[in-house]
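Colleague: So the sequence lines, in the order shown, correspond to chains C and Z.
For the first sequence, position 17 matches number 20 in this note's numbering, and the numbering has no gaps at all.
For the second sequence, position 367 matches number 430 in this note's numbering, and the numbering has no gaps at all.
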Amino acid sequence: MRLPSADYFADLMKAIHAVVDEGTFKITEEGMRLIAMDPAHISLVDFELSSSAAEEYECGGELQMTLSISEMMKFLKRIKKGESLTVIYDDQARKLSLILVDATGSRERTFTLNTLETVEARSTTPKLSFDAKARLNVDAVLDAIKDSDVVSDYVKITINPDEVVFLAKGELGTIQTKFSKMGAAVYEIETDTEVWAHFSINYLEKIVKAGSELSEEVIMNLSTNKPIKLGFPIPSGKLEYLIAPRIEGT
Amino acid sequence: MPETIVKSCLLCRGTRNLCGKEVCPQISYWNTIQKLKTIESYFIEAPSPPSVFVGRIGYPRVRVAPAVVPEGSNVEIYDMPEKWLNINLNEILQMRLSLLRACINVDVAKPEKMEDVKILAASSKPVDLELRFSKPPRPYIKLDVNSPPLGPAGILEKLRILGNPKIPKPIDRVLLDRELTATEAVMNLYSNSIPVSHIQKLFSIGVFGKAGFRKIVPTRWSITAVDSIISKRLIEKVKKLPVFDSYLFFERRHENNTFIAIIAPYRWSYEWIEAWFPYTTWNPGMRIEVEDDWEDFRGRSTYASLGGCYYAARLATAEYMIREGRQGTAILIREIYEGFFLPIGVWFVRENVREMFKNKPEKFGDIREVLERLSSSTRIQLSRWIKTSRLLTQILLQSRLEVPRL
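1) Should the stretch 227 to 238 of chain Z be regarded as contacting the stretch 246 to 265 of chain Z, the criterion being three or more beta carbon pairs within less than 8 Å?
2) I think Met223 (chain C) touches Ile162 (chain C), with their Cβ atoms under 8 Å apart; what is that distance to the nearest whole Å?
3) What are the uninterrupted segments assigned as alpha helix (DSSP H) that are 4 or more residues long and contained completely in the stretch 163 to 209 of chain Z, given in chain order?
4) Hey, how far is the Cα of Pro129 (chain Z) from the Cα of Ser267 (chain Z)?
5) Sorted by chain position, which residues of the same chain lie with C-beta nearer than 8 Å to Arg453 (chain Z)'s C-beta, five sequence neighbours on each side aside?
6) Can you have a look at Lys450 (chain Z) and say buried or exposed, based on whether 16 or more other CB atoms are within 10 angstroms of its CB?
7) Write down every uninterrupted run of the beta strand (DSSP E) in the stretch 256 to 318 of chain Z whose length is 3 residues or greater and which is fully enclosed by it, in chain order.
8) Might you give, ordered along the chain, the residues of its own chain that have their beta carbon closer than 8 Å to the beta carbon of Val208 (chain Z), omitting 5 neighbours on each side?
9) Pick out whichever of C:Glu243, C:His20 and C:Lys172 has its Cα sitting closest to the Cα of Asp152 (chain C).
10) Return the Cβ separation of Leu265 (chain Z) and Ala185 (chain Z) in integer angstroms, given the expectation that the two are a contact with Cβ distance under 8 Å.
11) By Cβ distance below 6 Å, which residues in the same chain neighbour Tyr60 (chain C) in space, the five residues on each side in sequence not counted?
12) Any Cβ of chain C within less than 7 Å of the Cβ of Ser462 (chain Z)?
13) Between which residues of its own chain and Gly388 (chain Z) is the CB-CB distance below 7 Å, once the five residues before and five after are set aside?
14) Is it buried or exposed, Gly214 (chain C), if we count other Cβ atoms within 10 angstroms and call 16 or more buried?
15) Closer than 7 Å by beta-carbon distance: list the chain Z residues that pair up with Ile250 (chain C), in chain order.
16) Would you report the Cα separation of Glu425 (chain Z) and Ser309 (chain Z), rounded to the nearest angstrom?
17) Nearest CA to the CA of Leu245 (chain C): which residue from C:Asp49, C:Leu119 and C:Asp14?
18) At a threshold of 6 Å, does Ser462 (chain Z) count as lining the ligand NAD (C-beta to nearest heavy atom)?
19) So the candidates are C:Ile210, C:Gly234 and C:Glu120; which of them puts its Cα closest to the Cα of His1 (chain C)?
20) Between Leu47 (chain C) and the rest of its own chain, which residues show a CB-CB distance below 6 Å, the 5 nearest in sequence each way excluded?
21) Within the 7 Å Cβ cut-off, does Ile222 (chain C) reach chain Z?
22) Just the Cα atoms here: how many angstroms apart are Asp359 (chain Z) and Lys84 (chain C)?
23) In angstroms, rounded to a whole number, what distance separates the CA positions of Lys229 (chain Z) and Ser187 (chain Z)?
24) For Phe322 (chain Z) and Tyr400 (chain Z), I'd like the C-alpha separation in whole angstroms.
25) Counting beta carbon pairs with one atom in the stretch 142 to 156 of chain Z and one in the stretch 102 to 109 of chain Z, are three or more of them shorter than 8 Å?
26) How is Gln461 (chain Z) classed by DSSP in three states: helix, strand or coil?
27) Excluding sequence positions up to five away, which residues of its chain have a Cβ less than 6 Å from the Cβ of Glu51 (chain C)?
28) Can you name, in chain order, every residue of its own chain whose Cβ lies under 8 Å from the Cβ of Phe12 (chain C), other than the five neighbours on each side?
29) Go through its chain and collect everything with a Cβ distance to Ile237 (chain C)'s Cβ below 7 Å, but skip five positions before and after it.
30) Return the chain-ordered list of same chain residues with a C-beta closer than 7 Å to the C-beta of Leu66 (chain C), the five sequence neighbours on each side being excluded.
31) Give the single residue among Z:Arg417, Z:Arg223, Z:Glu220 and Z:Thr344 whose Cα lies nearest to the Cα of Ile386 (chain Z).
32) Are the C-beta atoms of Phe360 (chain Z) and some chain C residue less than 7 Å apart?
33) Is there at least one Cβ from chain Z nearer than 7 Å to Ala247 (chain C)'s Cβ?
34) Using a Cβ-Cβ cutoff of 8 Å, what residues of the stretch 430 to 446 of chain Z are near chain C? List them in chain order.
35) Give, in chain order, every residue of the stretch 45 to 61 of chain C whose Cβ lies closer than 9 Å to some Cβ of chain Z.
36) State the Cα-Cα distance for the pair Glu251 (chain C) and Ile298 (chain Z), rounded to the nearest angstrom.
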């Protein structure tokens with residue numbers, strides 16, 4: 004698989020790393036897919052990159068590749084601007100090669116990583132239905148989450164027909180951010196009722212921050228006291244997350 | 064006393080002058096009331112447990128101080144906290160304060176200048192020393208949060224090893240190996256059953272690390288460095304173990320302290336909570352002060368706010384899980400009651416938590432039963448524990464994703 008921008012690939016891996024340290028990719032002719040949960044089973048990432056995202060894509064058949072994302076991130080940090088990336092996986096030797104070539108083609112760097120044994124790969128996500136959907140500007144949402152972090156470890160997210168509200172309460176006081184349906188940060192709200200749930204800021208922040216590197220908008224799907232689905236539209240692919248709520252009375 | 068002052072004592076513990084006073088009132092109190100006797104001569108021959116203390120004042124020029132026991136028997140245990148749980152605190156204090164130190168000023172980057180000190184620290188049995196002072200020892204005591212209390216000190220002119228040091232084979236091997244990193248050296252000795260206190264002694268005098276990168280490390284820092292290094296490595300193993308299948312509850316009471324451990328049947332996470340009652344070492348105020356710090360499955364990258372105790376208890380917890388072959392979410396609680404007002408060193412936490420984990424745990428199927436059990440053992444109300452503890456709150460309130468198995 005050859006990608007025009009190595010940076011983009013690094014951002015995608017960072018987005019997966021927001022949830023897991025290691026993961027199993029399912030690779031087919033159509034592209035690569037990964038569904039993985041964090042060890043505490045509080046968050047889940049559902050990632051897909053279609054073969055059409057690549058300038059060149061070749062795959063001999065269906066296979067699985069398990070690797071330490073943390074280890075790979077160490078190398079991806081060394082990427083320079085303008086470099087292209089070719090990813091080659093040797094299933095027999097269980098080795099993944101990442102080849103970086105700079106814009107002028109004068110330097111080629113190859114990083115080979117041993118992959119891990121696949122223990123248990125997940126290919127399903129929980130079946131959930133959502134009562135409300137909202138599309139918002141991702142930076143505005145990230146700001147609201149960071150604000151909440153000032154007073155609390157968790158934040159209540161409410162979606163009603165007119166607005167999306169982030170509310171955090173702590174010993175210091177409360178912080179509330181409201182996004183009105185009329186405002187520039189809200190692209191769409193789709194709901195008849197008011198729904199809400201509380202989420203750990205720790206999880207939310209990591210995920211939304213990673214998503215904000217890849218997408219300008221975040222699609223939130225929510226039902227009261229149920230997991231939230233956060234979707235970040237990316238070209239030729241899919242990046243979605245689930246986070247389980249903290250169960251609170253109100 | 065205003066709350067800010069109380070709180071800053073808990074965060075400072077005599078090291079950062081957060082209250083604005085030049086000398087910590089808690090420590091100076093003890094410095095002044097203790098009138099110590101000491102020898103007033105330029106020369107002494109006495110056994111060393113062995114003991115070497117490295118100060119942190121003046122870093123990177125620090126004082127390295129081998130110490131001897133001028134009078135007394137059973138010299139061996141004077142510097143071996145692993146053996147102190149059955150001795151009462153006053154005796155430990157007396158024992159420690161009778162240690163006579165001989166100070167040398169050294170640049171931390173030049174540990175190779177101290178060959179004799181190195182041989183001394185490597186020994187597992189007491190070694191007879193001849194100490195010649197340029198200034199006779201002054202009666203003086205030193206109390207520290209992390210390291211055990213220390214007695215009088217003089218300025219060393221010449222040190223001579225009289226007896227035969229007994230150097231355990233694993234230590235000898237590590238000392239000769241100039242390629243080992245400090246972490247590898249620590250883990251090598253630990254897995255060869257060298258006591259943690261001995262590893263810490265060696266760590267502080269700068270004999271670990273690849274040749275050319277070796278440094279002398281103040282005792283205070285080396286104690287926590289070793290607790291942290293070993294527990295970090297153990298946790299990597301713990302995280303691969305199967306999860307406990309029920310809630311476990313441990314309790315231990317010792318010298319005005321209650322220690323409690325709750326282990327929940329989830330993957331590795333760790334939390335350390337201390338509740339200081341009024342008029343205790345780090346809480347001169349009238350209200351109970353509760354502090355906590357924690358890490359999740361991914362660990363932590365910053366230094367824990369509670370310092371040495373956090374890492375000492377983490378080591379004891381990881382050791383327990385390795386022994387059981389299971390991992391869990393551990394919540395450790397310590398209540399410190401009125402009457403416990405000496406900074407005694409983190410060995411007190413490490414050894415008490417180790418001892419606690421030797422007991423048979425009570426088992427529970429439900430977090431609510433565990434909390435009820437907890438409330439019957441602590442003086443602090445359950446609601447305060449729940450409010451303070453990140454991990455208890457998480458267990459109680461955080462839901463988890465349910466994904467159909469393949």
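Quick reminder that beta carbons are idealized off the backbone N, C-alpha and C, glycines included.
Modeller: Based on what the coordinates show:
1) yes
2) A Cβ-Cβ distance of about 7 Å is found for the pair Met223 (chain C) and Ile162 (chain C), placing them in contact under the 8 Å criterion.
3) 178 to 185
4) 12 Å
5) Glu334, Asp355 and Trp357
6) exposed
7) Here the runs fully enclosed are 310 to 317.
8) Non-local C-beta neighbours of Val208 (chain Z) in its own chain, meaning closer than 8 Å and more than five positions away in sequence, comprise Arg76, Gly77, Thr78, Arg283, Gly370, Gly371, Pro406, Gly408 and Val409, ordered along the chain.
9) Measuring from the Cα of Asp152 (chain C), the nearest candidate turns out to be C:Lys172.
10) 7 Å
11) Met4 and Ser54
12) yes
13) Leu304
14) buried
15) Leu460 and Ser462
16) 10 Å
17) C:Asp49
18) Among the ligands in the structure shown, none appear at all, so the ligand NAD cannot be discussed.
19) Examination of residue 1 (chain C) is not possible in this model, given that chain C is present from 4 through 253 alone.
20) Met40 and Leu245
21) no
22) 34 Å
23) 6 Å
24) 11 Å
25) The stretch 102 to 109 of chain Z, when compared against the stretch 142 to 156 of chain Z, does not touch it at the 8 Å Cβ threshold.
26) strand
27) Within the same chain, and ignoring the five residues on either side of Glu51 (chain C) in sequence, the residues whose Cβ sits closer than 6 Å to its Cβ are Arg36, Gly240 and Lys241.
28) Leu6, Leu79, Leu88 and Val90
29) Leu217 and Ser218
30) Ile30 and Asp94
31) The amino acid at residue 386 (chain Z) is misidentified as Ile; the sequence shows Arg. Here the closest residue by C-alpha is Z:Arg417.
32) yes
33) yes
34) none
35) Ile45, Ser46 and Leu47
36) Going from the Cα of Glu251 (chain C) to the Cα of Ile298 (chain Z) covers about 32 Å.
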